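**Student:**
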Amino acid sequence: MKVPPGAPSQCQHQSSQKVFDAGFLFGLQFIEDAYELIKSCDACQRQGKISQRDEMPQNVIQVCEIFDVWGIDFMGPFPSSRGNKYILVAVDYLSKWVEAKTLPTNDARVVVKFLKSCFVPDFGAPRAIVNHRGTHFCNDKFAKVMSKYGVTHRLCRPLLTLKRFSS
1 MKVPPGAPSQ CQHQSSQKVF DAGFLFGLQF IEDAYELIKS CDACQRQGKI SQRDEMPQNV
61 IQVCEIFDVW GIDFMGPFPS SRGNKYILVA VDYLSKWVEA KTLPTNDARV VVKFLKSCFV
121 PDFGAPRAIV NHRGTHFCND KFAKVMSKYG VTHRLCRPLL TLKRFSS
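Per full-length UniProt numbering, the sequence shown starts with residue 1, numbered consecutively.
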């Protein structure tokens, strides 16, 4: 299907476009020809409007720097190894960088000490720290350190452990 010279400058293939869009099945060659003709026609490509159905949903892109948001939690208790029973784990949300420290207890004092001595000097004060509602994170000592460094403390729901095998 070739466009004759001197055809109107608007959409020369409007009827072919309508037939094609309506889904009428003529011969396979007709559909392929109409598709190629419409695809190669500049006027046809510029005439169509983007409907809301064709638009991509727009989501807010949250700007976050590396080491801005950390998740922090305890693991354990484990069998004692050199007096340590717990592991305090901090994971950067963006880079997935992990910092871990073995500790003898899982109380607020060791969390505050970890933040002051290891965490802040190495990475700077984060914007936010996310953790569950454990007593070692939800107390006055922890809140005081968070406000001192200007860190937002965000709480998440703890994952419930499921018993997979019952005995």
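By construction, the Cβ of each residue, glycine as well, lies at the ideal position given by its N, Cα and C atoms.
Predicted model only: the values in this text are computed from it and were never measured.
#1: From S147 to D140, what does the alpha carbon distance come to, in whole angstroms?
#2: With a threshold of 7 angstroms on Cβ separation, who are the neighbours of F114 within its own chain once the five nearest residues in sequence on each side are excluded?
#3: So, with DSSP's three-state summary, where would you put C156?
#4: Rounded to a whole number of angstroms, what is the C-alpha to C-alpha distance between P104 and V110?
#5: Give me the Cα-Cα distance between Y149 and D122, rounded to the nearest whole angstrom.
#6: What residue from K96, A108, L94 has the CA that sits closest to C138's CA?
#7: Short of 7 angstroms in beta carbon distance, which residues of its chain neighbour G83, apart from the five on each side in sequence? Order them along the chain.
**Tutor:** Judging by the given coordinates:
#1: What you label residue 147 is simply residue 147 of the sequence shown in a count that begins at 1. What you label residue 140 is simply residue 140 of the sequence shown in a count that begins at 1. Using only the alpha carbons, I get a separation of about 10 angstroms.
#2: The residue you call residue 114 lines up with position 114 of the sequence shown. By the criterion of a C-beta distance shorter than 7 angstroms, F114 is surrounded in its chain by L88, K101, once the five residues flanking it on both sides are discounted.
#3: Within the sequence shown, residue 156 is the residue found at index 156, counting from 1. Reduced to three states, the DSSP call for C156 is coil.
#4: For the purposes of this step, residue 104 is taken as the residue at position 104 of the sequence shown. For the purposes of this step, residue 110 is taken as the residue at position 110 of the sequence shown. Those two C-alpha atoms are separated by around 9 angstroms.
#5: In the sequence shown, the residue the question calls residue 149 occupies position 149. In the sequence shown, the residue the question calls residue 122 occupies position 122. Rounded to the nearest angstrom, the two C-alpha atoms are 14 angstroms apart.
#6: Against the sequence shown, residue 138 aligns to sequence position 138. The residue among K96, A108, L94 with its C-alpha nearest the C-alpha of C138 is A108.
#7: Stepping through the sequence shown from its first residue, residue 83 is reached at position 83. Same-chain partners within the cutoff: P104.
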